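Enquirer: Dumping the structure here so I can ask a few things about it.
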Amino acid sequence: MEKITAVIVDDELPAVENLRFKLHNACPEVDVVGAFSTSQEALTGIQRKKPQIVFMDIGLDTLSGFDLLQRLTHLHFEVIFTTTSRQHHLEALRAEAADYLSKPFTEDELALAVERAAVRIRKNIPPPKYLHIPGVGKDLIIPVGQILYCKAANNMTEVYVVGEKRYALAADTLKTIEGRLPSGQFYRIHRSHCVNRDFIKAILRESKLAVEMQDGAKLEIAQERKVEFYEWLGIV
């Protein structure tokens, strides 16, 4: 049976050990490669371990489980929420979680949740080669590899392309466009822009940290995303 790597994010040690025990009994295919009790440990650990499944508690410390996921949008993994709360099903649905388990849950419920996540993992849809932008009378088909960066424009997105003097305007939010781009190649360095790593010319350390792109654009890096950004680039 092919192994599935997983990590547990929960600030209560008994809950972590209980989940480990149930996984051992009901889901032998799951290999728990890490457990983290704080949001900061989880941020670092998930990026380092790159698990296929994250068992996520909602009530942590400075960040909730949902906040944590927002910081990790550049990584791909399936989420199974494991929480005492019964009030966050809608948020879990919006976060596209594989399942939502309310504590205490049975081994059978856990096994079903893992199977749902496994099905999604096996599908493993390859990243798109083109970005489709519908327009009035004309649809644009833009090769993903030629996108320099994307910038938020209210509820729309400006898509800047190699060799084009003017950006293409997409009638979608930056978050939506970001979700259609491969996370290994694109990263949301700020709430207002997402960049293609292949076209980053320099990192500027002036009054504010920023990147300089190949077309000369200077885009600010949000302070709270600095560490993730360097890890995404593979800079130690």
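Going by this note's numbering, 43 is the number at position 17 of the sequence shown; the sequence numbering is gapless.
We put the beta carbon where it would ideally sit given N, CA and C, even for glycine.
Predicted model only: the values in this text are computed from it and were never measured.
Looking at C-alpha atoms only, which residue of Gly171, Ser65 and Lys48 is the closest neighbour of Asp36?
Expert: For Asp36, the nearest C-alpha among the options comes from Ser65.
Enquirer: Measure how close the beta-carbons of Val80 and Phe103 come, nearest whole angstrom, since I'm counting them as under 8 Å.
Expert: Right, the Cβ-Cβ distance comes to about 5 Å (below 8 Å), so this counts as a contact.
Enquirer: Pick out the complete alpha helix (DSSP H) segments inside the segment 29-106, 4 residues or longer, and give them in chain order.
Expert: DSSP runs (the alpha helix (DSSP H)) wholly in the segment 29-106: 39-52, 65-75 and 91-96.
Enquirer: Leaving out five residues on either side along the sequence, give the residues of the same chain with a beta carbon under 8 Å from the beta carbon of Tyr156.
Expert: Ile167, Ile168, Pro169 and Val170, listed in sequence order.
Enquirer: Between Ala137 and Cys53, how many whole angstroms is the CB-CB distance? I'm expecting something under 8 Å.
Expert: Indeed, because the Cβ distance is near 6 Å, the residues count as touching under 8 Å.
Enquirer: Check the DSSP bridge columns for Glu238 and list the partner residues they point to.
Expert: Answer is Ala228 and Lys244, bridged to Glu238.
Enquirer: Grab me the residues of Leu230's own chain with a C-beta within less than 8 Å of its C-beta, minus the 5 sequence neighbours each way, in chain order.
Expert: Result list for Leu230: Ala236, Val237, Glu238 and Lys244, in chain order.
Enquirer: Nearest-angstrom Cα distance between Lys227 and Glu133?
Expert: If I take the Cα positions, the gap works out to 51 Å.
Enquirer: Taking the alpha-carbon positions, what's the Glu254 to Pro77 distance?
Expert: Answer to the nearest angstrom: the Cα atoms are 16 Å apart.
Enquirer: Locate the beta strand (DSSP E) running through Ile168, then write down its first and last residues.
Expert: Element bounds for Ile168: Leu166 to Pro169.
Enquirer: The alpha helix (DSSP H) with Leu136 in it runs from where to where?
Expert: Glu133 to Lys149 is the extent of the alpha helix (DSSP H) around Leu136.
Enquirer: Have a look at Arg120, Ser111, Glu117 and Ala121 and flag the residue whose alpha-carbon is nearest the alpha-carbon of Leu127.
Expert: It is Ser111 whose Cα lies nearest to the Cα of Leu127.
Enquirer: So the candidates are Ala194, Arg148, Gly189 and Asn180; which of them puts its Cα closest to the Cα of Lys201?
Expert: Comparing Cα positions, the closest option is Asn180.
Enquirer: Here's the rule I'm using: 16 or more other beta-carbon atoms within 10 Å means buried, otherwise exposed. How should Asn222 be labelled?
Expert: So Asn222 counts as buried.
Enquirer: Would you identify the three-state DSSP class for Leu207, choosing helix, strand or coil?
Expert: Here Leu207 sits in coil by DSSP.
Enquirer: May I have the straight-line CA-CA distance separating Glu246 from Tyr213, to the nearest angstrom?
Expert: In a straight line, the C-alpha of Glu246 is about 13 Å away from that of Tyr213.
Enquirer: With a CB to CB cut of under 8 Å and the five nearest residues on each side skipped, what residues in its chain are close to Gln172?
Expert: Result list for Gln172: Val187, Val188 and Gly189, in chain order.
Enquirer: I'd like the span of the beta strand (DSSP E) that includes Glu184, first residue to last.
Expert: Where Glu184 is concerned, the enclosing beta strand (DSSP E) stretches over Met182 to Val187.
Enquirer: What did DSSP end up calling Val221 once you bin it into helix, strand or coil?
Expert: Note: Val221 maps to strand in three-state DSSP.
Enquirer: Check the C-beta distance from Ala143 over to Asp125 and give it rounded, since I have them as a contact under 8 Å.
Expert: Sure, about 7 Å apart at Cβ, within 8 Å.
Enquirer: I need the DSSP call for Ala179, collapsed to helix, strand or coil.
Expert: Three-state DSSP puts Ala179 in a strand.
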